[in-house]
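*Asks:* The structure is given below, and queries will be raised subsequently.
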Amino acid sequence: MDNIQRRSAEYISEHNDTVHSMFFFKMEELRDEVSGGYLEFANEFVVKKDAAIEPHSHNTDEFYFVLEGSGTMIIDGESALFGKGELVRIRPNQIHSLAADQGTDIKCFCFAISYMPEDEVGFTAYPVDGGEPHFVSTRYWD
103 MDNIQRRSAE
113 YISEHNDTVH
123 SMFFFKMEEL
133 RDEVSGGYLE
143 FANEFVVKKD
153 AAIEPHSHNT
163 DEFYFVLEGS
173 GTMIIDGESA
183 LFGKGELVRI
193 RPNQIHSLAA
203 DQGTDIKCFC
213 FAISYMPEDE
223 VGFTAYPVDG
233 GEPHFVSTRY
243 WD
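The sequence shown stops at residue 244 when you use my numbering, and every number in between is there.
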């Protein structure tokens, strides 16, 4: 699975050696892929131990940086373990879920670059009980 960026790069010295940066993607690497999008949100979330996020998809590039814990990421039917210090990229419209199935909660910093029209902000849920996929609005503050 190429969605998980492991901590394998070396740190680069910047700003007169006052900052040491480890890039998950090269500068400008995603420019063409995210062009035309906007920052839909940036948040921190926790999935409690032994819980899982319902499979869903949305027209965004979504990124999870794992702050604490580990678990299983499932994207388009492929699964992989991931954990602290790793970055997960979920491409637009990939069906994805994550499970805190490794004995710990998972805490992530998350942000999304969206390509959705203003009146269609949300995601499509794919119920694990076999129910029909359905759109869920995320306009929480309206």
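Quick reminder that beta carbons are idealized off the backbone N, C-alpha and C, glycines included.
With a cut-off of 8 angstroms, do at least 3 Cβ pairs link the stretch 174-187 to the stretch 210-228?
*Replies:* no
*Asks:* State the DSSP-derived secondary structure class of R133, mapped to helix, strand or coil.
*Replies:* For the purposes of this step, residue 133 is taken as the residue at position 31 of the sequence shown. DSSP, read as helix, strand or coil, puts R133 in helix.
*Asks:* Please state whether DSSP places E222 in a helix, a strand or coil.
*Replies:* The residue you call residue 222 lines up with position 120 of the sequence shown. Correct three-state label for E222: helix.
*Asks:* Buried or exposed, going by whether 16 or more other CB atoms sit within 10 Å of the CB of H183?
*Replies:* Along the sequence shown, one-based indexing puts residue 183 at 81. Correcting the residue identity first, residue 183 is Leu in this sequence and not His. Classification of L183: exposed, given that the 10 Å Cβ count is below 16.
*Asks:* Using CA atoms only, rank isn't needed, just tell me which of H236, G224 and V230 is closest to Y242.
*Replies:* Working through the sequence shown from its first residue, we reach residue 242 at position 140. Nearest C-alpha to Y242: G224.
*Asks:* For Y140, which of helix, strand or coil comes out of DSSP?
*Replies:* On the sequence shown, residue 140 is found 38 positions in, with the first residue counted as 1. Note: Y140 maps to strand in three-state DSSP.
*Asks:* Specify the secondary structure class of N145 as computed by DSSP and reduced to three states.
*Replies:* Mapped onto the sequence shown, residue 145 falls at position 43. Of the three classes helix, strand and coil, the one that applies to N145 here is strand, per DSSP.
*Asks:* Do you know whose CA, among I114, V230 and F126, lies nearest S199's CA?
*Replies:* Taking the sequence shown and counting its residues from 1, one reaches residue 199 at position 97. Considering only alpha carbons, the answer is V230.
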